[in-house]
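My numbering applies: residue 126 is where the sequence shown begins, and numbers increase by one. Just below is one structure, and these are the notes that go with it.
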Amino acid sequence: TIKEGQALTKAVRDNGVILAVGSQQRSDANFQHAVKMVQDGKLGKIERINAYVGAPPVPYDLPEEAVPADLNWPLWLGPSEYVHYNAQLNPPISLDPDQNEQFWGAWRWYKELGGGFTTDWGAHMFDIAQWAIGMDKSGPVEIIPAGYEATEFLTFIYENGVVMTEEPFNEQMTKGVKFWGDKGWIEISRDHYIASDDSLLPTTIETTEGAYETQIPHLTNFIESLKNRTEPVVPVEIGHSSCVVCTLGNIAYDLGRPIKWNPATETFVDDPEADANRLFHKTYANGYSL
């Protein structure tokens, strides 16, 4: 929830500890180059951004299965509301990738437990978008859900006039981001980088989908931050603000209407219904508290 992110940020700063957020794309040379092109004005004035993130979460509908004898299901659920067990929620992970029929737990796709693609990939692609347009530690001022009146895609409107839409995956692009300026465009993901002009391309384009090359410098930065007591490349405030964007999208979906947000105070604008939303702050189950 947004309140949990606020509490985490405060705890990190109050206790003087180092927290690095796993937004490893910020340590990827391709994404760094694309962001630099945007920030250096090579695309001109940025007008809109397409974030290819995917769909929001859906209500839990998996059939009930018997809980394995070695699994404490209430403990696994933690503070989340009760849902019955299904093996797809937490599939066993083998050290042999070929043995993993479903590597990622399906809990992430259901609104009772996760945030769907909106948070799963939004945390990566919305993060790159915010970084590029100078909105780190900030965010949108209005969020409009897909399906509201004539709105086709989940839409984020920033105070500087930039409009970002959450786009569905397609054959040309999955899990990426496209920047549109009045002088050109750049489209980038973990496995490709294309642009309206060759001058916007990096000298070497590397693919990292399914590999760990991009994680090595990110982890190295974290270790160096611990040793030197310096800020990591993605400190807690930036990670929190990027996650807030994702969660605001799902709150707009929950309410089925636009919401207005003050990123400076991290509060909704005259909206008690949004204030009470479970994704802003929720009541915990199983005796948990914050």
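The beta-carbon is built from N, C-alpha and C at its ideal position, and this holds for glycine as well.
DSSP, reduced to helix, strand and coil, places LYS407 outside both helices and strands of the structure shown, so it counts as coil.
When C-beta atoms of the region 166-177 are compared with those of the region 339-350, fewer than three pairs fall below 8 Å, so the two segments do not count as touching.
Bridge partners of ALA176 according to DSSP: GLU291, VAL302.
By the Cβ criterion, the region 149-167 is not in contact with the region 373-387, since fewer than three pairs of Cβ atoms, one from each stretch, lie closer than 8 Å. Beta-bridge pairing by DSSP links LYS385 to GLU267. Going by C-alpha positions, LEU238 is about 32 Å away from GLU312. The residues TYR185, GLU237, in chain order, have a CB closer than 6 Å to that of VAL208 in the same chain once the five nearest residues on each side in sequence are set aside.
Under the three-state reduction of DSSP output, ILE258 falls in the coil class, being neither helix nor strand. Straight through space, the alpha carbons of GLN213 and VAL192 are spaced by roughly 12 Å. Under DSSP, VAL183 shares a beta bridge with TYR235. Between GLY264 and the set TRP256, GLY301, ARG173, the nearest pair of CA atoms involves TRP256.
Checking the DSSP bridge columns, you'll see ALA320 partnered with ILE311. Straight-line measurement puts the Cα of ASP153 at about 12 Å from the Cα of THR329. Per DSSP, the unbroken alpha helix (DSSP H) holding ILE127 starts and ends at 127-140. ILE384 sits away from SER148, with the two beta carbons spaced by 9 Å or more. Just measuring C-alpha positions, the residue of VAL146, PRO204, THR392 sitting nearest GLN340 is VAL146. Between the region 395-408 and the region 295-305 there are fewer than three inter-stretch CB-CB distances shorter than 8 Å, so the stretches are not counted as touching. Taking each of VAL358, TRP201, TRP386, PRO360 in turn and checking the Cα distance to CYS371, the smallest one comes out for TRP386.
The continuous alpha helix (DSSP H) containing THR372 extends over residues 361-380. Contact check for GLN131 against GLU349 fails: the beta carbons are separated by 9 Å or more. Excluding residues up to 5 positions away in sequence, GLU190, VAL192, TRP198 lie with their Cβ nearer than 6 Å to the Cβ of TYR210 in the same chain.
Annotated three-state conformation of ILE348 is helix, per DSSP. Proximity to ASN155 across ILE258, GLY301, GLU291 peaks at GLY301, based on C-alpha coordinates.
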